[in-house]
């Protein structure tokens, strides 16, 4: 559905996107993840046909976004960052205008506008001026606009930006409903969001792709140390060094405990699972254990790890 | 073509929903009321060769209102879309630049044409109230409204161009005003010092002197040269606007 190969975009002396390549298959929800200024919006603007790349190939639904711009734009429902809308129009009026602009007309157009208003939950504000709507409603009007012409592909730039937690959950559920009919590429800088909603994550940093995999694979393949946390009760002053003696434990740190319980966090070498050995050590020392668990790295850890190891290209925006 | 009509409908609606069209209409009606009164005063005080139509479109009041029309009607067209970010939503829909430029320009022309309807009523009223003593010659009427329309198209095209250059409406208005007034003043300047200049320069400048065109057309002479001049330059400025809008897509 999306094919991007060696895509580069330079603004006067600054490289925003630096030779990225990735593909999105039909029916996937792909999260585009990176800090602000990583090149997410730039890539999306290129894919939506708003601006050209400096070099490289970008295709959506088999159409080149530059040479077959009109066909490509017909296949894409794009929601820009900040959801810009005509504030002097009413919701229904705006959606009808957009639907007509995208080639729907007559009864089809009216029915479809009714459908997307219902789907995005803006039916109850359809007669209100967009300028008087809250941010959450505007975001949903923009989403309805992106959906109105049955696009095969949805490109959503920060669809949950500026929404409250309830609204974020609504948008996430909406995206889940849409996956049967649309392929979705959405960008965000909130890691938890892609962990919850996406089949695949493309991590981008300084205009380069750091990783491209499922959220689960990213977490488990991370070649970084895991953490084991435990809470024990023992007068043993040597507890920390006994724990460090376990093969695979790099470092045991005692943290603030409560009510006589002592809390340790063990940094473990990659590829080791030390939980059973820890249990054995505790039993040998007759420690009372009330907690022992391993923390899998979150996408946030993956991202920080990848971003810190990736070299920063010259001229990149920091 | 459908996109053009959809855009035109939306642009016309935007004009008449916002106060802009009404403010401009009120301004033009008031100032042309004065122009009309001044023309009546001239006819009253001295028997003259000009008609009521000629004197109305020669009054200072007419020119005073004239140059405010174009910046006010066109400054919003592209600048506001750029400022609000809707420029991006608009051009990621399957629309072609010429459809958008054409629709915005046409909408401005329609509003501009509406501005002159009250003045038609003024002339009819004069004829009716004076029981035919004030003569409103048909040729002068036709000539006047033809030249007003083509001059309007030319100036509106410059305004649309100015609006596409910036995301700031005030800047767009100033560029538009400067282009329109500058073009006009070149003609006035030559008329003022014309006798001291070589004939050839005067002839060339007369070709684009709006004052001269108004003089000829309001007398009832319909000359095709100014019509061709204004229409082709309007087309040129629209083509430039198209390039400015499309430049975004071509710059590497």
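Residue numbers (this note's numbering), protein chains in the order written: chain C, 177 to 494; chain H, 16 to 267.
For each residue, glycine too, the CB sits at the ideal point set by N, CA and C.
None of these values were measured; they are calculated from a predicted model.
Candidates the options, of which the one nearest residue i by Cα
| i | options | result |
| --- | --- | --- |
| residue 318 of chain C | C:260, C:374 and C:478 | C:260 |
| residue 102 of chain H | C:341, C:212, C:404 and C:256 | C:256 |
| residue 45 of chain H | H:16, H:25, H:207 and H:130 | H:130 |
| residue 163 of chain H | H:98, H:125 and H:29 | H:125 |
| residue 172 of chain H | H:237, H:140, H:157 and H:90 | H:90 |
| residue 133 of chain H | H:223, H:99 and H:160 | H:160 |
| residue 66 of chain H | H:106, H:80, H:79 and H:51 | H:51 |
| residue 372 of chain C | C:251, C:207 and C:419 | C:207 |
| residue 314 of chain C | C:339, C:326 and C:202 | C:339 |
| residue 248 of chain C | C:455, C:346, C:413 and C:330 | C:330 |
| residue 271 of chain C | C:246, C:299, C:479 and C:245 | C:299 |
| residue 155 of chain H | H:147, H:136, H:232 and H:185 | H:232 |
| residue 106 of chain H | C:250, C:456 and C:350 | C:250 |
| residue 58 of chain H | H:79, H:204 and H:71 | H:71 |
| residue 246 of chain C | C:392, C:262, C:287 and C:227 | C:227 |
Cβ shell of residue i (< 8 Å), same chain only, five flanking positions each side left out
| i | result |
| --- | --- |
| residue 385 of chain C | 196, 197, 198, 378 and 379 |
| residue 182 of chain C | 195, 196, 197, 231, 232 and 233 |
| residue 227 of chain H | 202, 206 and 221 |
| residue 369 of chain C | 207, 336, 344 and 348 |
| residue 259 of chain H | 176, 179 and 180 |
| residue 201 of chain C | 177 and 359 |
Cβ pair residue i, residue j closer than 8 Å
| i | j | result |
| --- | --- | --- |
| residue 467 of chain C | residue 438 of chain C | no |
| residue 151 of chain H | residue 68 of chain H | yes |
| residue 248 of chain H | residue 169 of chain H | yes |
| residue 202 of chain H | residue 220 of chain H | yes |
| residue 295 of chain C | residue 332 of chain C | no |
| residue 236 of chain C | residue 177 of chain C | yes |
| residue 431 of chain C | residue 440 of chain C | yes |
| residue 122 of chain H | residue 27 of chain H | yes |
| residue 273 of chain C | residue 97 of chain H | no |
| residue 293 of chain C | residue 268 of chain C | yes |
| residue 343 of chain C | residue 312 of chain C | yes |
| residue 253 of chain C | residue 109 of chain H | no |
| residue 165 of chain H | residue 229 of chain H | no |
| residue 395 of chain C | residue 478 of chain C | yes |
| residue 367 of chain C | residue 475 of chain C | yes |
| residue 204 of chain C | residue 376 of chain C | yes |
| residue 215 of chain C | residue 192 of chain C | yes |
Minimum Cβ-Cβ distance from residue i to chain H less than 8 Å
| i | result |
| --- | --- |
| residue 224 of chain C | yes |
| residue 489 of chain C | The pLDDT assigned to residue 489 of chain C is 46, lower than 50, so where the model puts this residue is not dependable; a value taken from the coordinates is nonetheless given after this. With 8 Å as the cut-off, residue 489 of chain C does not count as an interface residue toward chain H. |
| residue 250 of chain C | yes |
| residue 276 of chain C | yes |
| residue 379 of chain C | no |
| residue 492 of chain C | The pLDDT assigned to residue 492 of chain C is 42, lower than 50, so where the model puts this residue is not dependable, and the model offers no usable value. |
| residue 178 of chain C | no |
| residue 366 of chain C | no |
| residue 306 of chain C | no |
| residue 293 of chain C | no |
| residue 406 of chain C | no |
| residue 254 of chain C | yes |
7 Å CB neighbourhood of residue i in its chain, flanking five on each side removed
| i | result |
| --- | --- |
| residue 86 of chain H | 174, 188, 191 and 192 |
| residue 19 of chain H | 114, 117 and 118 |
| residue 127 of chain H | 84, 88, 167 and 171 |
| residue 356 of chain C | none |
| residue 246 of chain H | 165 and 168 |
Interface flag, residue i vs chain C, CB-CB below 8 Å
| i | result |
| --- | --- |
| residue 100 of chain H | yes |
| residue 106 of chain H | yes |
| residue 21 of chain H | yes |
| residue 139 of chain H | no |
| residue 119 of chain H | no |
| residue 29 of chain H | yes |
| residue 263 of chain H | yes |
| residue 18 of chain H | yes |
| residue 110 of chain H | yes |
Spatial neighbours of residue i in its chain, beta-carbon cut-off 6 Å, leaving aside the 5 residues before and after
| i | result |
| --- | --- |
| residue 453 of chain C | 422 |
| residue 255 of chain H | 176 |
- Check distances from the C-beta atoms of the region 32–49 of chain H to those of chain C and list, in chain order, the residues that come in under 7 Å. 32 and 33
- Task: Check distances from the C-beta atoms of the region 73–104 of chain H to those of chain C and list, in chain order, the residues that come in under 7 Å.
- Result: 99, 100, 101, 103 and 104
- Message: For the region 157–180 of chain H, list every residue whose C-beta sits within 9 Å of some C-beta in chain C, in sequence order.
- Response: none
- Closer than 9 Å, Cβ to Cβ, to anything on chain H: give me those residues from the region 257–287 of chain C, in chain order. 257, 258, 259, 260, 261, 262, 263, 264, 265, 269, 273, 274, 276, 277, 278, 279 and 281
- Task: For the region 206–226 of chain H, enumerate the residues whose C-beta is nearer than 9 Å to any C-beta of chain C, in chain order.
- Result: If the cut-off is 9 Å between Cβ atoms, the region 206–226 of chain H has nothing near chain C.
- Task: Compile a chain-ordered list of the residues in the region 215–248 of chain C whose CB is closer than 7 Å to at least one CB of chain H.
- Result: Listed by position, the residues of the region 215–248 of chain C near chain H (Cβ gap below 7 Å) are 224, 225, 226, 227, 228, 230 and 246.
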